[in-house]
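Protein chains in written order, with my numbering: chain S, 13 to 365; chain U, 13 to 365. Built from N, CA and C at the ideal position, the CB exists for glycine as well. From a predicted model like this one, the values you see are computed outputs, not experimental measurements. Structure first, commentary second.
Printed below as a string of structure tokens:
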């Protein structure tokens, strides 16, 4: 039967997201969701928008794009809004990277980049991270038709400075450099303020993490109008209205309620720094995460073992069965209560083993 | 600046959807929206789902797929649910048609098919419709790696019988035949009951028309599990969670409230048949539409002229500046009041010209 499928699709290894258990009994620290709900204003806006669902949405999500533009004090023409930053990444790969030379991204990063490259027949070269998981900036100074940098990187949480990213942009003026800022609001330095300086810079962000809207599927891209036009051309050749009325209305409010955003983001940063100290105290090594997760390993207990034991205790974290990181766990920052339960459970596991 | 874009994207002509005016003063009969709101149960379900937006949705939209499966008395594994039938069409082109031989579709049909083929580098051959805009079934009996049939066809509204589609399926057992049933609920014969008989049959449907949810962006595909797996492989290589929590919850209710669906659909059919008679009485020729629109032309007044005059009177209809149909208008069936206003306005235009 399989011969009905296109060869590319038959042979691809799709991305596998973290488990979404349906029974609700787990402490869920495995997919970097925000432990706090979205702003109440988001919910209000959604309920209001539900009254006009018989009509198509605005294909350009102008209200949402204006909210993003206001938040960053940039021009609305420098914003694209779509159905998750994953979709925007996929469209950006099509818009900018279907060329001759390979694109470059780190060997350890968001594993969807490799899937997109294979889906669209784009050649790629993996640039190995340094032993301490930092990005070797100079190794991106080789011929390429595109570069993807997650900043902060996943699953390490380590951020690059804007100066380092500028070096990559300056050494690659003929390539589009895509900076995936999914986790930027938890302590990294955003490149948004430099979009007018670098015509080869495109930035993607998601509302799933710092804006507590994983369930709404909204992402944005920010960059020069000539690059936004490229993504729009793909969008208009794929799905004229990627964002439904509810998602567009809710997402706009999430960008408008700056106080709520600042409060919840700061709470997560505070919890992260407290928990990080506790992990170090227990003998873990912990990267310098600027994201809403910690990337940890223990000198004596294997990550897989720890993952399995935590799962038995109804705590889900993320384990990647992948070379160079298969003795690490990525743990989302939850509420202070959730993290206290996690820390106690890990202490018990370490005592028993 | 343009050299940042991939050549394919730079050269493609994206699809152009019907105008979405923002000022709200138009009678909008140009994008085949439903004049009636969705079932109140849909709105209730959406408001309820808005309480859990911080968490990712179910990546497989199981609740929605079950509702569709129940509606059609089929297995849930034969259903895919996604962010509009446009997105599902795009993914189906990738899943089934990226092969050696060209795919076939009519020269006059939903113009997005040609855009998808070009976007994914898929060769295609246009099969000219007969002079009366019916589909020449036997002309699809030539070598191909895929066939797309909109049933009823757009913008003509003319439907094929299931027997005709079976002939195409039987003559093309090695190709996937995609039947786009966007308008099937307004009087056509769905192929859903034959999915077990034809392993090469995949059907797409949308909730934008008969289920009054253009603003929610939900579509479904129905076919053998081996074909649904193909679409899932693309989905999981593109965006793990194409449907947000609100869209999935609302769409499920739309399939559950069968009585509401039957009532509104029948109202539209009744209005269509009444208006069709009036058009014929006024000297228009009108195709035998089984959709929620009429496809009309007048022997004396050009379609472009009529389109412009209607627009001046704040009535939007659809004009396609395309060979063979550039003297026709596609007019969505609105409420009885809206259609009476349209008919009066057209009468006046005909008197003046």
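(Q) What residue range does the alpha helix (DSSP H) around residue 280 of chain S cover? (A) Residue 280 of chain S sits at position 268 when you count from the first residue of the first chain. 270-293 is the extent of the alpha helix (DSSP H) around residue 280 of chain S.
Q | Nonlocal neighbours in the same chain, by C-beta distance under 6 angstroms from residue 96 of chain U, ignoring five residues either side | A | Against the second chain, residue 96 of chain U aligns to sequence position 84. Only 229, 231 meet the Cβ criterion.
Q) If you measure from the beta carbon of residue 246 of chain U to each beta carbon in chain S, is any gap under 8 angstroms? A) Locating residue 246 of chain U in the second chain gives position 234, where the first residue counts as 1. Interface criterion met: the Cβ of residue 246 of chain U is under 8 angstroms from a Cβ in chain S.
Q: Classify residue 84 of chain S as helix, strand or coil using the three-state DSSP reduction.
A: Working through the first chain from its first residue, we reach residue 84 of chain S at position 72. Assigned with DSSP and collapsed to three states, residue 84 of chain S falls in helix.
Q. Residue 102 of chain S and residue 250 of chain U: beta carbons closer than 8 angstroms?
A. By 1-based counting over the first chain, the position of residue 102 of chain S is 90. By 1-based counting over the second chain, the position of residue 250 of chain U is 238. By the CB criterion at 8 angstroms, residue 102 of chain S and residue 250 of chain U fall inside the cutoff.
Q: Helix, strand or coil for residue 105 of chain U, going by three-state DSSP, please let me know.
A: The residue labelled residue 105 of chain U in the question sits at position 93 within the second chain. Note: residue 105 of chain U maps to helix in three-state DSSP.
Q: Consider the Cβ of residue 340 of chain S: report whether some Cβ of chain U lies at a distance smaller than 8 angstroms.
A: Within the first chain, residue 340 of chain S is the residue found at index 328, counting from 1. For residue 340 of chain S, the answer is no, since every Cβ of chain U falls outside 8 angstroms of its Cβ.
**Q.** Test: residue 222 of chain S CB closer than 8 angstroms to a CB of chain U
**A.** Counted from its first residue, the first chain places residue 222 of chain S at position 210. With 8 angstroms as the cut-off, residue 222 of chain S does not count as an interface residue toward chain U.
Q: Could you pull the start and end residues of the beta strand (DSSP E) that residue 19 of chain S belongs to?
A: The count along the first chain starts at 1 and reaches residue 19 of chain S at position 7. For residue 19 of chain S, there is no enclosing beta strand (DSSP E); the residue is part of the alpha helix (DSSP H) that begins and ends at 19-23.
Q. Quick one: what does DSSP say residue 328 of chain S is sitting in, helix, strand or coil?
A. As a first step, residue 328 of chain S is located in the first chain; it is residue number 316 there, counting from the start. DSSP, read as helix, strand or coil, puts residue 328 of chain S in strand.
Q. Can you name, in chain order, every residue of its own chain whose Cβ lies under 8 angstroms from the Cβ of residue 159 of chain S, other than the five neighbours on each side?
A. In the first chain, the residue the question calls residue 159 of chain S occupies position 147. So the qualifying residues of the chain are 115, 116, 117, 152, 180, 184, 187, 188, 189, 190.
Q. Does the Cβ of residue 223 of chain S have 16 or more other Cβ atoms within 10 Å, making it buried, or fewer, making it exposed?
A. For the purposes of this step, residue 223 of chain S is taken as the residue at position 211 of the first chain. With 16 or more other Cβ atoms inside 10 Å of its own Cβ, residue 223 of chain S counts as buried.
Q: Quick one: list the residues of chain U neighbouring residue 135 of chain S, beta-carbon separation under 9 angstroms, in chain order.
A: In the first chain, counting from the first residue as 1, residue 135 of chain S sits at position 123. Going along chain U, no residue has its Cβ under 9 angstroms from residue 135 of chain S, so there is no contact; the nearest lies around 13 angstroms.
Q: Kindly indicate if chain S contains any beta-carbon less than 8 angstroms away from that of residue 20 of chain U.
A: Counted from its first residue, the second chain places residue 20 of chain U at position 8. With 8 angstroms as the cut-off, residue 20 of chain U counts as an interface residue toward chain S.
(Q) Would residue 51 of chain U and residue 272 of chain U be called neighbours here (beta carbons separated by less than 8 angstroms)? (A) The residue given as residue 51 of chain U occupies position 39 in the second chain. The residue given as residue 272 of chain U occupies position 260 in the second chain. A contact, by the Cβ cut-off of 8 angstroms.
Q. Name the chain S residues that come within less than 7 angstroms of residue 188 of chain U, Cβ to Cβ?
A. The count along the second chain starts at 1 and reaches residue 188 of chain U at position 176. Simply 16.
Q: Would you verify that the beta carbon of residue 289 of chain S is, or is not, closer than 8 angstroms to some beta carbon of chain U?
A: Counted from its first residue, the first chain places residue 289 of chain S at position 277. Residue contact with chain U for residue 289 of chain S: absent (no Cβ-Cβ distance below 8 angstroms to any residue of chain U).
**Q.** Nearest residue (CA-CA) to residue 42 of chain U, options U/319, U/121, U/282
**A.** The residue you call residue 42 of chain U lines up with position 30 of the second chain. Selected option, being the one with the closest Cα: U/319.
Q. If we ignore side chains and look at the alpha-carbon of each, how far apart do residue 136 of chain U and residue 109 of chain U end up?
A. Residue mapping note: residue 136 of chain U aligns to position 124 of the second chain, counting from 1. Residue mapping note: residue 109 of chain U aligns to position 97 of the second chain, counting from 1. Inter-residue distance for residue 136 of chain U and residue 109 of chain U is about 10 angstroms (C-alpha atoms, whole angstroms).
Q.
Just checking: is the beta-carbon of residue 209 of chain S within a distance shorter than 8 angstroms of some beta-carbon in chain U?
A. Along the first chain, read from residue 1 onward, the residue named residue 209 of chain S stands at position 197. Chain U, which has no Cβ nearer than 8 angstroms to the Cβ of residue 209 of chain S, makes this no.
Q) Does the beta-carbon distance from residue 24 of chain S to residue 130 of chain S come in below 8 angstroms? A) The count along the first chain starts at 1 and reaches residue 24 of chain S at position 12. The count along the first chain starts at 1 and reaches residue 130 of chain S at position 118. Closer than 8 angstroms, so yes.
Q) CA-CA distance, residue 278 of chain U and residue 69 of chain U? A) Stepping through the second chain from its first residue, residue 278 of chain U is reached at position 266. Stepping through the second chain from its first residue, residue 69 of chain U is reached at position 57. Straight through space, the alpha carbons of residue 69 of chain U and residue 278 of chain U are spaced by roughly 34 angstroms.
Q. If you scan the segment 106-144 of chain S from start to end, which runs of the beta strand (DSSP E) of 3 or more residues do you find wholly inside it?
A. Those beta strand (DSSP E) runs which fall completely within the segment 106-144 of chain S and span 3+ residues are 115-118, 136-139.
Q. Of all the CB atoms in chain S, is at least one closer than 8 angstroms to the CB of residue 315 of chain U?
A. Working through the second chain from its first residue, we reach residue 315 of chain U at position 303. Not one chain S Cβ lies under 8 angstroms of residue 315 of chain U.
Q: Closer than 7 angstroms by C-beta to residue 256 of chain S: which residues in its own chain qualify, once you throw out the five before and the five after it? Chain order, please.
A: Stepping through the first chain from its first residue, residue 256 of chain S is reached at position 244. Taken in chain order, the residues that qualify are 69.
Q.
I'd like to check one pair, residue 309 of chain S with residue 92 of chain S: are the Cβ atoms closer than 8 angstroms?
A. Reading the first chain from its first residue, position 80 is the one you call residue 92 of chain S. Reading the first chain from its first residue, position 297 is the one you call residue 309 of chain S. By the CB criterion at 8 angstroms, residue 92 of chain S and residue 309 of chain S fall outside the cutoff.
Q: Identify the continuous beta strand (DSSP E) that holds residue 91 of chain U and give its terminal residues.
A: Mapped onto the second chain, residue 91 of chain U falls at position 79. First-last of the beta strand (DSSP E) with residue 91 of chain U: 91-94.
Q. Between residue 342 of chain U and the rest of its own chain, which residues show a CB-CB distance below 6 angstroms, the 5 nearest in sequence each way excluded?
A. Locating residue 342 of chain U in the second chain gives position 330, counting from the first residue. Hits under 6 angstroms: 167, 305, 307, 330.
**Q.** DSSP three-state assignment for residue 246 of chain U, whether helix, strand or coil
**A.** As a first step, residue 246 of chain U is located in the second chain; it is residue number 234 there, counting from the start. Here residue 246 of chain U sits in helix by DSSP.
Q) Is the number of C-beta pairs between the segment 140-147 of chain U and the segment 196-213 of chain U that are closer than 8 angstroms three or more? A) Contact annotation: the segment 140-147 of chain U does not touch the segment 196-213 of chain U, with fewer than three C-beta pairs closer than 8 angstroms.
(Q) For residue 147 of chain U, count the other beta carbons within 10 Å of its own beta carbon; 16 or more makes it buried, fewer makes it exposed. Which is it? (A) The residue you call residue 147 of chain U lines up with position 135 of the second chain. Around the beta carbon of residue 147 of chain U, 16 or more other beta carbons sit within 10 angstroms, so the residue counts as buried.
(Q) For residue 356 of chain S and residue 325 of chain S, I'd like the C-alpha separation in whole angstroms. (A) The residue labelled residue 356 of chain S in the question sits at position 344 within the first chain. The residue labelled residue 325 of chain S in the question sits at position 313 within the first chain. Rounded to whole angstroms, the gap between the alpha carbons of residue 356 of chain S and residue 325 of chain S is 11 angstroms.
Q. Does the beta-carbon distance from residue 60 of chain U to residue 77 of chain U come in below 8 angstroms?
A. Along the second chain, one-based indexing puts residue 60 of chain U at 48. Along the second chain, one-based indexing puts residue 77 of chain U at 65. It is not a contact, given that the beta carbons lie outside the stated cut-off.
Q: Determine the closest residue to residue 360 of chain S out of S/346, S/313, S/197, with distance taken between C-alpha atoms.
A: Reading the first chain from its first residue, position 348 is the one you call residue 360 of chain S. The shortest C-alpha separation from residue 360 of chain S is found at S/313.
Q) Residues of chain U with a CB under 8 angstroms from the CB of residue 217 of chain S: which are they? A) In the first chain, residue 217 of chain S corresponds to position 205, counting from 1. For a Cβ distance threshold of 8 angstroms, nothing in chain U lies close to residue 217 of chain S: the least Cβ distance comes to about 16 angstroms.
Q. Taking the continuous alpha helix (DSSP H) assigned at residue 175 of chain S, which residues delimit it?
A. Walking along the first chain from the start, residue 175 of chain S turns up at place 163. Annotation for residue 175 of chain S: the continuous alpha helix (DSSP H) segment containing it runs 174-183.
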